[in-house]
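Novice: Protein sequences appear in the order of chains S and B. Residues in the first sequence are numbered from 1 upward in steps of one, following this note's numbering. Residues in the second sequence are numbered from 1001 upward in steps of one, following this note's numbering.
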Amino acid sequence: MTPPAALVDLDRLGFDAGAHLLVRRGLREVPIGGRLRVRGDDPALGVHLRAWCRAEGHGFSVDPDGGYDVVRGEAEQLRWAGAERAGDPSPQGVVRRPPAHWGLAARGALVEAGGPAPGFDVADRDVVWADLAPRLYAHAAAAQWDPATAVDWTIPEPLPADIEAAVVQVMTYLVENEQAALVIPARLLARVHPHFREVLQLLAVQAADEARHMEVFTRRALLTGGQMGTSSAGGRESLNSLLNEADFSLASFLLSVLGEGSFLSLLGFIDEHAPDPVTRQVTRLARVDEARHVAFGVAHLEHEGQLDPTLRGRLRAAVERRHDVLVDTAGLNADVFDSLVVLAAGEWTPEAIARGHRAVQRLHGTMDDGRRQRLQRLGFPDDEAAELSALHTRNFM
Amino acid sequence: MPGDVLVMGAVAYDPKVVTIWEGFRRWLTEAGLPFDFVLYSHYERQVADLVAGSIDAAWNSPLAWVRSVRLAGASGRTVRSAVMRDTDQDLTSVVVVRADSGIEAVADLKGRTLATGAVDSPQATLLPLSFLRAQGLDTEGDLTVRRFDVGVGLHGDHIGGERDAARALMAGQVDAACMIDGNHLLFSQEGVLPSGATRVLAQTPVYDHCTMTLVDTAPAELADRFVDLLLSMSYGDPVVRPLLDLEGLRQWRVGRTSGFGPLTTAVDEQGFYGADGSVLAAGYRP
């Protein structure tokens, strides 16, 4: 008989208190088929060690000189024989096409073979990834704010009723848009392979951002005790067309690059013309978040566009398709347009209304400029960028 | 057509039985064996159907094995123990007392109350009672046996009876309790038997547990293929590994009959089955 290769002395530690940890550790030091001698003073040690060895696939015998001999079985080695690393934990270790069976395993984890292969259909690095994603997520996580404390919810003095009504209408419209902007990343989130962890995190924070925006815009609308404003069929039709876009890149393009990009200009406009500090604060806070969403959308489409020459064609087709779908709708809620004019006018004189109207026209121009710049960054030539920007929905988003 | 498919019986003592045998069925079928299984609500009907040739194989408890041998013998048939789990070999049962009970030896159980599992539990009733008799204790005259009849007909596969016996011990309702060694470990880890509160008074010699029983009316070629395929299952195969985990084994082993002696003795001592496999045990209603 070969001498035991190793010895574990459990002292008084029993299997009801974790003794198996020491035995398992000891067994790792001997080869398959090798023997480990186990000694200990727990009265139930012999009963429990025998049962544990049987369940774990190890051999067991009583040593005539006291203690027990455990022969290492091969079960643990067999369990991990076909295991593989799910890539590398660092962002640089992201693989092009993570296999479905990596599923929910942490990136870089040792994945036991077998198990489920969840259907995360957005599983191509070049469709979702941007090298900027880890940095953007870090920024997003650090930039979270609490609606209860980040905003001073006191309005120094009541606004004139029709100015207040214009604020309420604009806020109502913003909530509607933010709801769409929450649902879209949330739907995409559920489809992205978790291997692209930073993208999931970013989309989750994006959804959380929108959840906060919904709250603060609603709270501002109801701050003076009134009711919410109106929601037009055409406005909802426009947003609905975003929800129907199943392709990750195209949905991201329509929402983040075109929609939220235009939205940035709108929030800037409201910030500039806000008639009260609460409206200004909520708009300004939301705008910082939205700028990050746009940055990610542009960054990952830039990344994808460099690798996929067909991307621009598909982006163009998506804009045209959406335009066609919406061509028979009214687009922007007329109440919203009028309210923006009133906000920019600030008072009900013909001169002020004319000034407000000009300001809203300038807003359209600003939105158009922004869209064109972003389209150019994605590689569209000037004339095509101008053409596509013009086809963007009249609903802004 | 009978004979074209190997049909195995399994007792549905837990919903996981369906998962296990559906999975094995798929694996065996893909490996080229026409295989099906039927579920039974208790072992007695499964054994009767096996010996009658209604099924070819039975995933049997050790007690069902003993009855299969007897019923088969009485009707001119033979059965064989084809395969077993690695975890079916060399089991023991223990008799547990409270640490502070003052019971230091088996003889001290005289006049005391002993908790067992269900009437048909090999590991928590039949075997430990037989063991205590061999230690010189009259289990009918010297002590009161309190049975915990949970899952009667399942031959102890349902561990509820053993757990109830352990609880009764801790509650001071009984002086000692019988259970399989693995359940003593489980109950200790669960806290049903708190650390240091109990003591193992005695441990039985080793015995064997479940076995895949084949009857001689089974189509020989299919039966051999079935056995070969089970023995070929590898814990390294990620398809079968979850099923092996569920069924509680790492490896199928060639069946043996050397570990059923103690139970056969217990069955006779306690008049559980007759020599012809008839069910004699008083109050046993599967």
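Beta carbons: idealized from backbone N, C-alpha and C, even for Gly. All figures in this text were calculated on a predicted structure; none of them were measured in a lab.
#1: So is residue 298(S) buried or exposed if we call it buried at 16+ other beta carbons inside 10 Å?
#2: If contacts are defined as beta-carbon pairs under 8 Å, then residue 1113(B) and residue 1144(B) qualify, I think. What distance do you get, rounded to the angstrom?
#3: Rounding to the nearest angstrom, what Cα-Cα distance links residue 35(S) and residue 47(S) in this structure?
#4: Which same chain residues, not among the five before or five after residue 1031(B), have their C-beta less than 7 Å away from its C-beta?
#5: Can you list the residues of chain S that residue 1181(B) reaches, using a CB-CB cut of under 7 Å?
#6: Cβ of residue 1024(B) within 8 Å of Cβ of residue 1006(B)?
#7: Looking at the unbroken alpha helix (DSSP H) that takes in residue 366(S), where does it start and where does it end?
#8: Spell out whether any CB of chain B is found under 8 Å from the CB atom of residue 78(S).
#9: Rounded to whole angstroms, what's the CA-CA distance from residue 264(S) to residue 217(S)? Just pull it up for me.
#10: Would residue 1001(B) count as contacting chain S if we go by Cβ distances under 8 Å?
#11: Tell me the DSSP secondary structure of residue 97(S) in three-state form.
#12: Using the Cβ count rule (16 or more neighbours within 10 Å means buried), how would you classify residue 32(S)?
#13: Which residues of the stretch 1185-1215 of chain B have a Cβ closer than 7 Å to any Cβ of chain S? Give them in chain order.
#14: Identify every residue that forms a DSSP beta bridge with residue 7(S).
#15: Are the C-beta atoms of residue 1251(B) and some chain S residue less than 8 Å apart?
#16: Is the Cβ of residue 1128(B) closer than 8 Å to any Cβ of chain S?
#17: Provide the residue span of the alpha helix (DSSP H) that contains residue 1225(B), from first to last.
#18: So, using beta-carbon positions, are residue 397(S) and residue 259(S) closer together than 8 Å?
#19: Whose Cβ in chain S lies nearer than 7 Å to the Cβ of residue 1239(B)?
#20: Is the stretch 227-238 of chain S touching the stretch 332-351 of chain S, taking contact as three or more C-beta pairs under 8 Å?
#21: Tell whether a beta-carbon distance below 8 Å holds between residue 166(S) and residue 282(S).
#22: When the Cα of residue 29(S) is compared with those of 82(S), 302(S), 72(S), which residue comes out closest?
#23: How big is the Cα-Cα spacing for residue 1039(B) and residue 1012(B)?
#24: Compile a chain-ordered list of the residues in the stretch 96-113 of chain S whose CB is closer than 8 Å to at least one CB of chain B.
#25: Assuming the contact rule is C-beta atoms closer than 8 Å, residue 1263(B) and residue 1154(B) should be a hit. Round their C-beta distance to whole Å, please.
#26: Between residue 196(S) and residue 111(S), is the Cβ-Cβ spacing less than 8 Å?
#27: Put residue 1060(B) into one of helix, strand or coil per three-state DSSP.
#28: Starting from residue 1116(B), trace the beta strand (DSSP E) in both directions and tell me its first and last residue.
#29: Just the Cα atoms here: how many angstroms apart are residue 355(S) and residue 347(S)?
#30: Please compile the residues from chain S whose C-beta is within a distance smaller than 7 Å of the C-beta of residue 1087(B).
#31: With a CB to CB cut of under 8 Å and the five nearest residues on each side skipped, what residues in its chain are close to residue 1223(B)?
#32: Along the chain, which unbroken stretches of the alpha helix (DSSP H) at least 4 residues long are found entirely within the stretch 1151-1178 of chain B?
#33: What number of angstroms, rounded off, separates the C-alpha of residue 18(S) from the C-alpha of residue 214(S)?
#34: So is residue 391(S) in contact with chain B if we call contact Cβ pairs under 8 Å?
#35: Under 8 Å Cβ to Cβ from residue 79(S), same chain only, skipping five residues before and after it: list those, please.
#36: Chain S beta carbons: is any one of them nearer than 8 Å to that of residue 1094(B)?
Specialist: Reading off the structure:
#1: As a working mapping, residue 298(S) is identified with position 298 in the first sequence. A residue is called buried once 16 or more other Cβ atoms fall within 10 Å of its Cβ, and residue 298(S) is buried on that count.
#2: Translated into positions along the second sequence, residue 1113(B) becomes position 113. Translated into positions along the second sequence, residue 1144(B) becomes position 144. About 4 Å separates the two Cβ atoms, so the contact holds.
#3: As a position in the first sequence, residue 35(S) is number 35, starting the count at 1. As a position in the first sequence, residue 47(S) is number 47, starting the count at 1. Just so you know, the alpha carbons of residue 35(S) and residue 47(S) end up roughly 19 Å apart.
#4: Position 31 of the second sequence, counting from 1, holds the residue named residue 1031(B). Answer for residue 1031(B): 1229, listed in chain order.
#5: Counting from one through the second sequence, the residue named residue 1181(B) turns up at place 181. Going along chain S in sequence order, the residues near residue 1181(B) (Cβ under 7 Å) are 47, 50, 51.
#6: In the second sequence, the residue the question calls residue 1024(B) occupies position 24. In the second sequence, the residue the question calls residue 1006(B) occupies position 6. No, the Cβ-Cβ distance between residue 1024(B) and residue 1006(B) is not below 8 Å.
#7: As a working mapping, residue 366(S) is identified with position 366 in the first sequence. From DSSP, the alpha helix (DSSP H) with residue 366(S) extends over 350-377.
#8: Along the first sequence, one-based indexing puts residue 78(S) at 78. So yes, residue 78(S) belongs to the interface.
#9: If you number the first sequence from 1, residue 264(S) lands on position 264. If you number the first sequence from 1, residue 217(S) lands on position 217. In this structure, the CA atom of residue 264(S) is about 15 Å from the CA atom of residue 217(S).
#10: Here residue 1001(B) is taken as the residue at index 1 of the second sequence, counted from 1. Residue placement at residue 1001(B) is flagged as unreliable, the pLDDT there being 49, under the threshold of 50; the coordinate-derived value follows with that caveat. Residue 1001(B) does not count as touching chain S.
#11: For the purposes of this step, residue 97(S) is identified with residue 97 of the first sequence, where counting begins at 1. DSSP places residue 97(S) in coil when its eight states are reduced to three.
#12: Position 32 of the first sequence, counted from the first residue, corresponds to residue 32(S). Exposed is the call here.
#13: Cβ proximity to chain S below 7 Å picks out 1185, 1188, 1189, 1195, 1199, 1200, 1203 from the stretch 1185-1215 of chain B.
#14: Along the first sequence, read from residue 1 onward, the residue named residue 7(S) stands at position 7. Answer is 37(S).
#15: Here residue 1251(B) refers to the residue found at position 251 when the second sequence is read from its first residue. Yes - at least one Cβ of chain S is within 8 Å of the one on residue 1251(B).
#16: As a working mapping, residue 1128(B) is identified with position 128 in the second sequence. With respect to chain S, the C-beta atom of residue 1128(B) has no partner C-beta closer than 8 Å.
#17: In the second sequence, counting from the first residue as 1, residue 1225(B) sits at position 225. Segment 1220-1232, the alpha helix (DSSP H) holding residue 1225(B).
#18: Counting from one through the first sequence, the residue named residue 397(S) turns up at place 397. Counting from one through the first sequence, the residue named residue 259(S) turns up at place 259. The answer is yes: Cβ separation under 8 Å.
#19: Position 239 of the second sequence holds residue 1239(B). Within chain S, the residues near residue 1239(B) are 114.
#20: Using a C-beta cut-off of 8 Å, the stretch 227-238 of chain S makes contact with the stretch 332-351 of chain S, since at least three inter-stretch Cβ pairs fall below that distance.
#21: Walking along the first sequence from the start, residue 166(S) turns up at place 166. Walking along the first sequence from the start, residue 282(S) turns up at place 282. It is not a contact, given that the beta carbons lie outside the stated cut-off.
#22: Start at 1 with the first residue of the first sequence, and residue 29(S) comes out as number 29. The closest CA to that of residue 29(S), considering only 82(S), 302(S), 72(S), is found on 72(S).
#23: On the second sequence, residue 1039(B) is found 39 positions in, with the first residue counted as 1. On the second sequence, residue 1012(B) is found 12 positions in, with the first residue counted as 1. Across the structure, residue 1039(B) and residue 1012(B) are spaced so that their CA atoms are roughly 6 Å apart.
#24: Answer set for the stretch 96-113 of chain S: 112, 113.
#25: Start at 1 with the first residue of the second sequence, and residue 1263(B) comes out as number 263. Start at 1 with the first residue of the second sequence, and residue 1154(B) comes out as number 154. That belief does not hold up - the Cβ atoms of residue 1263(B) and residue 1154(B) are roughly 16 Å apart, past 8 Å.
#26: Counting from one through the first sequence, the residue named residue 196(S) turns up at place 196. Counting from one through the first sequence, the residue named residue 111(S) turns up at place 111. In this structure, residue 196(S) sits away from residue 111(S), with a CB-CB distance that is not shorter than 8 Å.
#27: Here residue 1060(B) corresponds to residue number 60 of the second sequence, with the count starting at 1. Residue 1060(B) carries a strand assignment under DSSP once its states are collapsed to helix, strand and coil.
#28: One-based indexing of the second sequence puts residue 1116(B) at position 116. Element bounds for residue 1116(B): 1113-1116.
#29: Taking the first sequence and counting its residues from 1, the one referred to as residue 355(S) is at position 355. Taking the first sequence and counting its residues from 1, the one referred to as residue 347(S) is at position 347. Their Cα atoms are separated by approximately 10 Å.
#30: Taking the second sequence and counting its residues from 1, the one referred to as residue 1087(B) is at position 87. By Cβ distance, chain S contributes 54, 55.
#31: For the purposes of this step, residue 1223(B) is identified with residue 223 of the second sequence, where counting begins at 1. Taking residue 1223(B) as the centre and dropping the five residues before and after it, the same chain places the C-beta of 1006, 1056, 1057, 1082, 1214 closer than 8 Å to its C-beta, in chain order.
#32: Within the stretch 1151-1178 of chain B, the complete alpha helix (DSSP H) runs of at least 4 residues are 1160-1170.
#33: Residue mapping note: residue 18(S) aligns to position 18 of the first sequence, counting from 1. Residue mapping note: residue 214(S) aligns to position 214 of the first sequence, counting from 1. Near 50 Å, if we compare the C-alpha coordinates of residue 214(S) and residue 18(S).
#34: As a first step, residue 391(S) is located in the first sequence; it is residue number 391 there, counting from the start. Output row for residue 391(S): interface = no.
#35: Reading the first sequence from its first residue, position 79 is the one you call residue 79(S). Here residue 79(S) has 112 as same chain residues with Cβ atoms under 8 Å from its own Cβ, once five neighbours each way along the sequence are excluded.
#36: Numbered from its first residue, the second sequence carries residue 1094(B) at position 94. It does; some Cβ of chain S falls within 8 Å.
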